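Below is one structure, written out as structure tokens, with a few remarks after it.
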Amino acid sequence: MRIEGFSLTENEIIEKLKATQKERRFNHTLGVMGEAVRLAPLFGVDEEKARRAALLHDCAKNLDEASGEDFYIICKRYGVTLDDCAKSEKALVHAYLGAAVAYKDFGIDDNEILEAIYYHTTGRANMTPLEKLIYIADMTEPGRTIEQAAEIRRLVEFNIDEALIYAIGCSIKHVIRKGTLIHPDSVHALNYLISHRRDKS
Ligand SMILES: [Fe+2]
Ligand SMILES: [Fe+2]
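The working numbering puts the sequence shown at residues 32 to 232.
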């Protein structure tokens, strides 16, 4: 089915992704889509937007290996500018590049979807419901078997923001353990959620 505002059908997107993503990544993508669709009503998110954002959230993940080109060269070609943190942390690049690839190669012109892709690794202050949904689904899809995934799955059923506070905290701790740079947007995301939790009490 072709949906107004989307230039590719879901099947066309899936076929295109299959051609570039490794099997493990592709299975993760399908897992995130299933989880995003399951959780969409809880987040008050349109199911179609959830499907597209989830399907495309990692669309740039293997582009460097698939094309044999350096990630940073591909970014230049797509007109993606990177901040200092992303310039030194390659793990962040696929999210920023992913939004540009979703726009240019997959015909997505819905800003909400593009921003959910763009912020899916860092989060940011005052995230939209779709951004929150993709951030959580990325960590709770069935292929994620880490202990923290079970806790996020438990929390999200009764408080989305508590689940996010826990999930972003886990990501930041992981980055600290690796000894790499923490992106300021992750800190802003966490601070925003915690200060708004305080406002509610
Ligand atoms: Fe990702
Ligand atoms: Fe992912």
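A virtual CB, placed ideally from N, CA and C, is assigned to each residue, including glycine. On a predicted model such as this, the values are computed, not experimentally measured, just so you know.
Residue closest to residue i, alpha-carbon to alpha-carbon, out of the options
i    : options               : result
A130 : E100, K92, N58        : K92
Q52  : V63, T40, A97         : A97
Y166 : E178, I191, R56       : I191
A156 : P215, A81, G99, E43   : P215
L123 : D136, Y134, Y103      : Y103
H219 : D169, A84, A168, M158 : M158
A137 : R229, R228, K209, L48 : For clarity, residue 137 is Phe in the given sequence; the question names Ala instead. Of the listed residues, the one whose Cα sits closest to F137 is L48.
A81  : I148, K107, R228, G99 : I148
Cβ-based neighbour list, residue i, same chain, cut-off 8 Å, excluding 5 preceding and 5 following
i    : result
H59  : D89, E172, G174
L186 : E193, A194, Y197
L73  : V187, E188, I191
Chain-order list of residues whose beta-carbon lies under 6 Å from that of residue i (same chain, five-residue window excluded)
i    : result
T211 : E120
D140 : none
I225 : none
Y150 : E162
Within 8 Å, strictly: CB atoms of residue i and residue j
i    : j    : result
I105 : D114 : no
V68  : P160 : no
A126 : L145 : no
L70  : L221 : no
Close Cβ partners of residue i (< 7 Å) along its chain, the five nearest in sequence each way excluded
i    : result
S217 : T153, G154, I199, S202, I203
G62  : E172, P173, G174
Proximity test, Cβ basis, 8 Å: residue i and chain C
i    : result
Y149 : The structure shown contains no chain C; it holds only a single protein chain.
message: Suppose only complete runs of 3+ residues qualify. What are the beta strand (DSSP E) ranges in the region 32 to 75, listed by chain order?
response: none
task: Could I get the ranges of all uninterrupted alpha helix (DSSP H) runs contained in the region 66 to 129, with 4 residues as the minimum, in chain order?
output: 78 to 87, 94 to 98, 102 to 108, 115 to 119
- prompt: Can you list, in chain order, the stretches of the alpha helix (DSSP H) that have 4 or more residues and sit fully within the region 132 to 199?
  reply: 142 to 149, 160 to 171, 178 to 187
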